[in-house]
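Residue numbers (the working numbering), protein chains in the order written: chain A, -18 to 149; chain B, 474 to 763.
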């Protein structure tokens, strides 16, 4: 009994130290990734695409003249004071934005140029299927997201190891 | 030794867990750092605050401007008479295309008549007060109505709009006093400008603005909008109708004094004076949106 208990204790200790080293390594990697500025290690270019449901605003004077390079402010529902996004119309008076589908309601778009301006309100339904800047598959993850995914994966191994080394 | 080996292994495992948890917590915190919760706008009916309606004739009314036909206009008085001013929390938001149909979740009305002088603003306070309610329901006031009706006395006499001042061109000066005694009803949507107006929080303050664009009447030499100047009357027809360097006339008198085409321009542009900042309004009596 004494011999087998000693052997089991030694094995548990080894396993514990191994787990500690592995977890320490993972924590170090995550910490290092957190300290890296996003994209600091990236030299290549990764492009991806996805179809999205967006809103196109076209601005023109009532004479029909296009309002190009006009100032645009987009306000999300429930946040009337601060613009959610700002920009300018293109040479054809167009401005395209993709509203955050997690914020359904009335989105307000204000377009102004040279003392003239107007507002248009756009209703975004809850199940519009429009997403914001995230949701791309692969290639679009930053160091932080990769670190989190790695840590989450390793945490599964650590948890499994701790389950088997628990005192009966 | 066994106990030592066991406890060392467990302590190491525990340390590992804590290390991983710390790393994960740090990562989660860092990941959430850029996504702050948006500041929510006040919901209608949650408390009350002070809502003020102001009027602004822009720099043109305060400092003067040069008309499309080269007359330097300087206003001594720009009297506007308001009545029935009403601020709305419109849901859905009102646009001038809706005509007189404002679907208000909340509204604040100011029935009393008030005449203000838009020429009296200054750089520090460009607009002048029209009405105020210090117990207005909180919420977003995104529509405004006012009636510009003939005054029942006071400095404007019986005018809804009285323009008094001097015009100069090439050494010639003309004193003018134009008394508009017609009624106009403006339905306007949200204020359009540098900042959003009308957002009233509980115990807070908010303002709305009735804005008057006098370049619609006289044109503006500096305007890059040819459509605006083409529709405007300018000042030359009024200068030609002046006698001994002065013209003081009501609308009925102007109908007699001005060529028919010019009077029609004047009559057609007066309903387009009312705005909310740069935003347009619907004028109910003419059906014009200007």
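For glycine and all other residues, C-beta sits at the position ideal for the given N, C-alpha and C.
Indicate the three-state DSSP secondary structure (helix, strand or coil) for residue i in the structure shown.
i: residue 724 of chain B; result: helix
i: residue 691 of chain B; result: helix
i: residue 762 of chain B; result: strand
i: residue 710 of chain B; result: helix
i: residue 736 of chain B; result: helix
i: residue 587 of chain B; result: strand
i: residue 627 of chain B; result: coil
i: residue 602 of chain B; result: strand
i: residue 620 of chain B; result: strand
i: residue 531 of chain B; result: helix
i: residue 571 of chain B; result: helix
i: residue 58 of chain A; result: coil
i: residue 669 of chain B; result: coil
i: residue 615 of chain B; result: coil
i: residue 593 of chain B; result: helix
i: residue 104 of chain A; result: strand
i: residue 745 of chain B; result: helix
i: residue 536 of chain B; result: helix
i: residue 74 of chain A; result: coil
i: residue 84 of chain A; result: coil
i: residue 677 of chain B; result: coil
i: residue 703 of chain B; result: helix
i: residue 634 of chain B; result: strand
So, does the CB of residue i fall closer than 9 Å to a CB anywhere in chain B?
i: residue 79 of chain A; result: no
i: residue 69 of chain A; result: no
i: residue 49 of chain A; result: no
i: residue 101 of chain A; result: yes
i: residue 61 of chain A; result: yes
i: residue 29 of chain A; result: no
Less than 9 Å between the beta carbons of residue i and residue j, yes or no?
i: residue 705 of chain B; j: residue 738 of chain B; result: yes
i: residue 625 of chain B; j: residue 584 of chain B; result: no
i: residue 36 of chain A; j: residue 80 of chain A; result: yes
i: residue 660 of chain B; j: residue 614 of chain B; result: no
i: residue 693 of chain B; j: residue 541 of chain B; result: yes
i: residue 640 of chain B; j: residue 646 of chain B; result: yes
i: residue 521 of chain B; j: residue 622 of chain B; result: no
i: residue 673 of chain B; j: residue 554 of chain B; result: no
i: residue 95 of chain A; j: residue 74 of chain A; result: no
i: residue 658 of chain B; j: residue 756 of chain B; result: yes
i: residue 562 of chain B; j: residue 616 of chain B; result: yes
i: residue 746 of chain B; j: residue 763 of chain B; result: yes
i: residue 684 of chain B; j: residue 741 of chain B; result: no
i: residue 606 of chain B; j: residue 581 of chain B; result: yes
i: residue 759 of chain B; j: residue 653 of chain B; result: no
i: residue 602 of chain B; j: residue 527 of chain B; result: yes
i: residue 611 of chain B; j: residue 677 of chain B; result: yes
i: residue 48 of chain A; j: residue 42 of chain A; result: yes
i: residue 714 of chain B; j: residue 731 of chain B; result: yes
Hey, out of the options, whose CA is closest to residue i's CA?
i: residue 598 of chain B; options: B:755, B:530 and B:552; result: B:530
i: residue 54 of chain A; options: A:35, A:105, A:76 and A:48; result: A:76
i: residue 546 of chain B; options: B:736, B:691 and B:732; result: B:691
i: residue 600 of chain B; options: B:632, B:525 and B:580; result: B:525
i: residue 592 of chain B; options: B:634, B:733 and B:665; result: B:634
i: residue 104 of chain A; options: A:52, A:98 and A:90; result: A:90
i: residue 64 of chain A; options: A:43, A:44 and A:52; result: A:52
i: residue 701 of chain B; options: B:678, B:682 and B:743; result: B:743
i: residue 630 of chain B; options: B:695, B:699, B:650 and B:752; result: B:650
i: residue 82 of chain A; options: A:46, A:107, A:2 and A:97; result: A:107
i: residue 88 of chain A; options: A:30, A:72, A:69 and A:62; result: A:62
i: residue 34 of chain A; options: A:56, A:60, A:102 and A:78; result: A:78
i: residue 569 of chain B; options: B:725, B:588, B:537 and B:664; result: B:664
Checking contacts by CB at 9 Å: is residue i closer than that to chain A?
i: residue 522 of chain B; result: no
i: residue 697 of chain B; result: yes
i: residue 702 of chain B; result: no
i: residue 613 of chain B; result: yes
i: residue 540 of chain B; result: no
i: residue 761 of chain B; result: no
Problem - Cβ-based contacts, 8 Å cut-off: residues of the segment 558 to 574 of chain B near chain E - result: The structure shown contains no chain E; its protein chains are A and B.
Handout entry: Residues of the segment 648 to 677 of chain B with Cβ closer than 8 Å to any Cβ of chain A, in chain order
Key = 662, 663, 665, 666, 669 and 672
Problem - Near-chain B residues of the segment 74 to 98 of chain A - C-beta to any C-beta below 7 Å - result: 87, 91, 93, 95, 96, 97 and 98
Exercise for the section: Could you name the residues of the segment 741 to 753 of chain B whose beta carbon sits closer than 8 Å to any beta carbon of chain A, in the order they occur along the chain? Expected result: 750, 751, 752 and 753
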